[in-house]
Ligand code: 13P
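Residue numbers (the numbering used here): 305 to 567.
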């Protein structure tokens with residue numbers, strides 16, 4: 305059975321002074337057997353969050369929101385995968401805000417993915433279409449192209465063994481209060497696994513967790529987790545609110561129990 309994962313993407317929020325307390329509060333409000341929890345603060349707060357969780361709830365993993373595609377070198381202001389080892393165990397790659405603001409291409413995202421896997425970190429690869437793509441009936445084709453662009457050069461078995469998680473985040477649903485329907489998210493999860501199959505992933509594709517992201521809240525999470533093909537959520541704005549995270553992870557706990565993951 306695929307893991308149930310709730311990942312918090314704090315984006316450019318929190319400081320090293322307040323991130324540890326927030327992580328500790330969220331951890332204490334989200335103890336649900338069988339749910340994999342990940343908190344992704346800004347780079348500068350990784351250490352504070354790691355230390356707070358190590359002492360309060362080591363079951364909550366720490367993730368970075370981005371990583372550079374080279375191992376080291378003259379890249380002012382950048383952070384490489386080896387630098388994250390010891391600070392984080394997960395890394396988000398290909399978030400749509402980075403595709404938009406840092407002009408990240410699928411090929412570049414594929415290189416980042418390689419660095420993440422080489423460092424023994426677990427990648428969350430984000431994909432998702434723009435509103436115009438959905439309206440033009442191109443959503444699945446766009447996501448398919450993103451997956452091919454990022455994954456083509458990767459050995460499926462090694463990537464699956466590295467714990468790849470895919471987050472489907474329709475761009476028009478991020479931070480807008482609009483969400484995809486559960487049925488649309490489910491259809492996309494099926495399309496994502498079909499794309500992995502076409503890339504030669506075989507069984508590994510069917511075993512790859514697919515999360516939904518985009519305006520997820522405690523009020524709408526049930527619609528997504530009611531879909532057997534959806535394995536959790538990548539949460540932005542609501543992930544800064546302990547009450548919201550408590551509700552979201554509580555609902556994920558129901559799915560984890562139904563899947564026999566709760567031990
Ligand atoms: P929101 O939940 O704020 O829409 O953000 C989603 C997201 O981008 C998570 O990576």
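Think of the CB as a built atom: it goes at the ideal place given N, C-alpha and C, for glycine as much as any other residue. Please read these numbers as outputs of a predicted model, since none were measured by experiment.
{"query": "Go ahead and pull the three-state DSSP assignment for residue 281.", "result": "Any question about residue 281 goes unanswered here, given that the chain covers just 305 to 567."}
{"query": "Output needed for residue 386: all residues of its chain with C-beta closer than 7 Å, excluding positions within five of it in sequence on either side, in chain order.", "result": "375, 423"}
{"query": "So for residue 500, helix, strand or coil by DSSP?", "result": "helix"}
{"query": "Scan the stretch 498–543 and note each continuous alpha helix (DSSP H) run of 4 residues or more that stays entirely inside, going in chain order.", "result": "507–510, 525–529"}
{"query": "Does the structure place the stretch 363–373 close enough to the stretch 332–346 that three or more beta carbon pairs sit under 8 Å?", "result": "yes"}
{"query": "Using the C-alpha atoms, what's the distance from residue 413 back to residue 403?", "result": "9 Å"}
{"query": "Which class does residue 429 belong to by DSSP, given the choice of helix, strand or coil?", "result": "strand"}
{"query": "Going by DSSP, which residues form a beta bridge with residue 313?", "result": "344"}
{"query": "According to DSSP, which residues form a beta bridge with residue 476?", "result": "In the DSSP output, where bridge partners are listed per residue, residue 476 has none listed."}
{"query": "Do you know offhand how far residue 548's Cα is from residue 559's?", "result": "17 Å"}
{"query": "Can you tell me which residues form a DSSP beta bridge with residue 365?", "result": "342"}
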